[in-house]
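First up is the structure itself, then whatever we jot down about it.
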Amino acid sequence: MLPLYSASANHGSHCKMRLTRACRGHSVATERARPAGRRRTRRMDPKAGSFGCNTYSYMRREPADACLARLADLGFETFEVMIHPGHLWHSEPATVRDLGRLLASRRLGLVTLNMPNIDINIAAAAPEMREHSLRMLERAVGLAGDLGASGLVIAPGKANPLFPPPPQELAAHFFAALDRLVPKAEAAGTALWVENMPFAFLPEIETLAAAVDTYGCDAVGIVYDVANAHFIGEPVFDGLLRARDRLKLVHLSDTGTDVYRHAPVGSGTVPFGAVPAALAAAGYAARPVLEIVSADPDREIVESAARLAAIGLGAGGSVQARPS
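If you read the sequence shown in this note's numbering, its first letter stands for residue 823, the second for the next number, and so on.
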């Protein structure tokens, strides 16, 4: 059994909450991103428009506006943009300005911003690291608000896999971070969406959803990553049903269970055939986002969209609305 944790009176001043359960850590070998390949000119694929597209494969090679312009030419209409130097970065105003102009001129949807969460840790033991992580996320919240993103994807934090702190200590740091970030997100016109991640101290959706539910703020949503769930052996159908009350976004990519990847569809063992029924049961109507890391992303992301569309995924989706 996991230890119980009762939140102090100081927590949840912005959103009423009480924590009754927290979770064990989970160690994982993280994926090394492969460099993106040479650009190829491809025709628009109508199936691409049934999905959102994440820019992970492109973040090290070009600014976000150039990336989205080409992906829009391939048929994508909604996006999750990675926050990364040279791609989209708070201290590089041209990347922000140019992306905003591109979104407006092409009438593209920005569902979320995301950043490589390996770089930061809101549940770190060192207060200096937690403070640095929160400042980074505050800047990301500002970018999300300025660009009109519906949400910002965040992680609950990571534990030392060899000697993790008690779950209640990690949960306290997570909730303290939410206490600070939720009001800023609401003021910016965006929201915080917490993702299930194998390297986080709340890797399973059951424990992640329980923690977010206990925090008790309706503004905090959940991003369910199908590959992340499959990698740790979580049944995707059950996971999506557990997340449904707060489910804002679904990430799709492929992976096995030995090496952690966000690979093109068909190169791993994710049971995508179970996903359409699970999304229907969970009442999820928004476009899933393809979060694929590939050396040839223009080709393999579009091919992944076609494979998923062939089994009934993606069609009829919409962009999640910004918080009111």
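Here a beta-carbon is modelled for each residue, glycine too, at the ideal position from N, C-alpha and C.
| Item | Value |
| --- | --- |
| Does the Cβ-Cβ distance between isoleucine 905 and leucine 935 come in under 8 Å? | yes |
| Going by the CB atoms, is the gap between aspartate 867 and valine 1124 shorter than 8 Å? | yes |
| Could you give the DSSP three-state label for isoleucine 976: helix, strand or coil? | strand |
| In the DSSP assignment, what are the bridge partners of asparagine 936? | Met904 |
| To the nearest angstrom, how far is the alpha carbon of methionine 1019 from that of glycine 1134? | 26 Å |
| At what residues does the beta strand (DSSP E) containing cysteine 1039 begin and finish? | That residue, cysteine 1039, is in no beta strand (DSSP E); it is neither H nor E in DSSP. |
| Residues in its own chain within less than 7 Å of lysine 1006 by CB, not counting five upstream and five downstream? | Glu960 and Val963 |
| Please report the residue range of the alpha helix (DSSP H) in which leucine 924 lies. | 915-928 |
| Here's the rule I'm using: 16 or more other beta-carbon atoms within 10 Å means buried, otherwise exposed. How should serine 913 be labelled? | exposed |
| What residue range is occupied by the uninterrupted beta strand (DSSP E) comprising asparagine 876? | 874-876 |
| Determine the direct distance from the alpha carbon of asparagine 982 to that of valine 1034, and round the result to whole angstroms. | 22 Å |
| What is the DSSP secondary structure of arginine 1118, reduced to helix, strand or coil? | Residue identity check: residue 1118 is aspartate in the sequence provided, not arginine. Aspartate 1118: coil per DSSP, three-state reduction. |
| Could you spell out where the beta strand (DSSP E) holding aspartate 1047 opens and where it closes? | 1043-1047 |
| Please name the residue or residues paired with tryptophan 911 in a DSSP beta bridge. | Paired residue(s): none; tryptophan 911 is not in a bridge. |
| Can you give the Cα-Cα distance for aspartate 1120 and serine 1126, rounded to whole angstroms? | 10 Å |
| Taking just the CA atoms, how far does asparagine 876 sit from proline 1025? | 21 Å |
| How far does the beta strand (DSSP E) with histidine 1073 in it reach, from first residue to last? | 1069-1074 |
| Using the Cα positions of arginine 854 and alanine 1117, report the straight-line distance between them to the nearest angstrom. | Because the pLDDT at arginine 854 is just 36, under 50, the model does not fix this residue reliably, and the value given afterwards should be weighed accordingly. Near 12 Å, if we compare the C-alpha coordinates of alanine 1117 and arginine 854. |
| With 16 as the cutoff for other CB atoms within 10 Å, does aspartate 1076 come out buried or exposed? | buried |
| Nearest-angstrom Cα distance between proline 986 and arginine 952? | 16 Å |
| Got a sec? Which residues, its chain only, sit under 6 Å from tryptophan 911 by beta carbon, not counting five neighbours each side? | Thr917 |
| State the start and end residues of the unbroken alpha helix (DSSP H) segment that holds glutamate 818. | As shown, the chain starts at 823 and ends at 1146. That puts residue 818 outside it, with no answer to give. |
| With DSSP as the reference, identify every bridge partner of glycine 931, one or two as the case may be. | Thr900 |
| Is glutamate 1017 helix, strand or coil when you go by DSSP? | strand |
| Alpha carbon to alpha carbon, what distance is there between tyrosine 1046 and histidine 909? | 24 Å |
| Quick check: what's the CA-CA separation for alanine 998 versus isoleucine 1044? | 18 Å |
| Which class does alanine 1022 belong to by DSSP, given the choice of helix, strand or coil? | coil |
| DSSP state of valine 1087, grouped into three classes? | coil |
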